[in-house]
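Chains A and Y, in that order, are what the protein sequence lines are.
Here the working numbering is used: the first residue of the first sequence is 1, the next is one more, and so on.
Here the working numbering is used: the first residue of the second sequence is 1, the next is one more, and so on.
The C-beta atom is built at its ideal place from N, Cα and C for all residues, glycine as well.
Fair warning: this is a prediction, and the values are worked out from it, not measured in the lab.
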Amino acid sequence: GAVVSQHPSWVICKSGTSVKIECRSLDFQATTMFWYRQFPKQSLMLMATSNEGSKATYEQGVEKDKFLINHASLTLSTLTVTSAHPEDSSFYICSASGLAGYEQYFGPGTRLTVT
Amino acid sequence: AQTVTQSQPEMSVQEAETVTLSCTYDTSESDYYLFWYKQPPSRQMILVIRQEAYKQQNATENRFSVNFQKAAKSFSLKISDSQLGDAAMYFCARGDDKIIFGKGTRLHILP
């Protein structure tokens, strides 16, 4: 149980375009989903927290107009990187909580490369 | 800022031996959780062990155990009988409504 999927696992896009990453909780209802960014050989940095049906809460320094987060249902959250630039290239990981409240279950991550 | 500090960027241990990874944290909360996550080369985050701050008893999961010192805000991970499959990046994390990660310790297992 407690499986979280992400799609796509790897995406390449051209500079200036937008790309959407999906995060799904497959076997539980996720009241809260989290989006992280991880640069090579670095730790996970929390970007934002989203609750179903509410606006996402962004961490300091994260541009909310660039990283659009939608949590439309209890099993799906999406992250859209708008007008992507090469510096947005990174590994994006989502996680979901809802079972025990405090525990997060992580997706396998999405590697974004902007050319 | 509420932080999580892992002072060992890399560690090595001989297969079958025991290794301890260090972690200290800062928090003003009285109720929180502590975690150790493993990130292998696949980059999938795997929960190794968790500890509720209100529990004095140290958590144990098979070969993995923690030494939780609440007053000192210390939360170390001990891996016994190290196996080749334990080689990975290990992240210490503190959580309440969100999880904050340390910078990680890369663990090498020497055959």
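Per DSSP, Tyr54(Y) lies in no beta strand (DSSP E) and is assigned neither H nor E. For Gln104(A), the residues of chain Y that pass the 7 Å Cβ criterion are Ile99, in the order they occur in the chain. The stretch 16-27 of chain A and the stretch 82-101 of chain A touch, with no fewer than 3 CB-CB distances between them shorter than 8 Å.
Chain-order list of chain Y residues neighbouring Pro108(A): Gln44, by C-beta distance under 7 Å. Within the stretch 73-106 of chain Y, the runs of beta strand (DSSP E) at least 3 residues long that lie entirely inside it are, in chain order, 74-79, 88-95 and 99-101. Residues of the stretch 71-90 of chain Y with a C-beta less than 8 Å from any C-beta of chain A: none at all. Val4(Y) and Phe101(Y) do touch by the CB rule: their CB atoms are close to 6 Å apart, below 8 Å.
Against Thr49(A), the close residues of chain Y are Lys98, in the order they occur along the chain (beta-carbon pairs closer than 7 Å).
With respect to Thr105(Y), Gln14(Y) sits apart: the two C-beta atoms are not nearer than 8 Å.
The shortest CA-to-CA distance from Leu47(Y) to any of Asp27(A), Tyr102(A) and Gln6(A) is the one to Tyr102(A). Scanning chain A for C-beta atoms nearer than 9 Å to the C-beta of Arg50(Y) yields Tyr102 and Glu103, reported in chain order.
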